[in-house]
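Here our numbering is used: the first residue of the sequence shown is 1336, the next is one more, and so on.
From the three backbone atoms N, C-alpha and C, an ideal C-beta is built for every residue, glycine too.
Step one of this worksheet: look at the structure below.
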Amino acid sequence: MAQSKKFPKLKTLILKHNFFSDEGTVEFAKSLNFPDLEVLQLGWNEVRDAGALALAGSKNFPKLKKLDLRGNYLAGKTKETLRIALAHLKSLRIFQSE
């Protein structure tokens, strides 16, 4: 998916419960194929710290407003880094209770 053709009009991408993993998330974070993406749901995908931090550091989703990472395996320090790096988002969901 990360290496597929561009999806310039795609606004919402829901990939919950797909075992995306760290490897898939890191590759997705490198992708230039989703320039207008506003909502990304990656909950319950076996994402760990490396994948979440790759998303936090990516500049490839300039229009992103909402990110859902609930149900993944993120350390407390990673969650804090996400909150700081992605403070501009309208919604950041990283806890299962959200």
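query	result
Proximal residues to PHE1354 (C-beta, below 8 Å), its chain only, five neighbours per side dropped	ASN1380 and GLU1381
N-terminal and C-terminal residue of the beta strand (DSSP E) that VAL1382 is part of	It is not in any beta strand (DSSP E) - VAL1382 carries neither H nor E in the DSSP assignment.
GLY1386 and ARG1405 closer than 7 Å at C-beta	no
Rounded distance between the beta-carbons of PHE1369 and LEU1348, thought under 8 Å	7 Å
Coil, strand or helix - ARG1428 by DSSP	strand
Cβ shell of ILE1429 (< 7 Å), same chain only, five flanking positions each side left out	LEU1404, ARG1405, LEU1409, LYS1414 and LEU1417
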